[in-house]
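Peer 1:
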Amino acid sequence: MLDVALFMANATQLKAVLEQGPSFTYYVTLITLISLSLALQVVIGILLIIIGKTLQGESFSLCNKY
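FYI, in the numbering used here the residues of the sequence shown are -1 to 64.
#1: Within 8 Å, do at least three Cβ pairs link the region 16 to 25 to the region 36 to 53?
#2: Since residue 5 contacts residue 54 with CB under 8 Å, what's their CB separation in whole angstroms?
#3: Closer than 6 Å by C-beta to residue 12: which residues in its own chain qualify, once you throw out the five before and the five after it? Chain order, please.
#4: Between the Cα of residue 15 and those of 51, 30, 3, spot the shortest distance and give me the residue it belongs to.
#5: Once DSSP output is grouped into helix, strand and coil, what is the label at residue 24?
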């Protein structure tokens, strides 16, 4: 649930920066960093889904080992 909240917060921040326009001091920097953050969150989400599907049928004894 925290991932969704962070994703929505980043999307809102990106929208606010885009609405202010290129006259803003750090416009390009903020667009780049927020977009990178959103892209990494999507990649992490996809990886978590893949890991969950992979471990779905397996025993979780390895996870409980540590």
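Positions of the beta carbon are idealized from the N, C-alpha and C atoms, including for glycine.
Peer 2: For this structure:
#1: The answer is no - the region 16 to 25 does not touch the region 36 to 53, with fewer than three Cβ pairs under 8 Å.
#2: Actually they are not in contact, since the Cβ atoms of residue 5 and residue 54 sit about 24 Å apart, beyond 8 Å.
#3: If we look at residue 12 and ignore the five residues flanking it on each side, its Cβ neighbours are 32.
#4: Per the Cα distances, 30.
#5: Here residue 24 sits in coil by DSSP.
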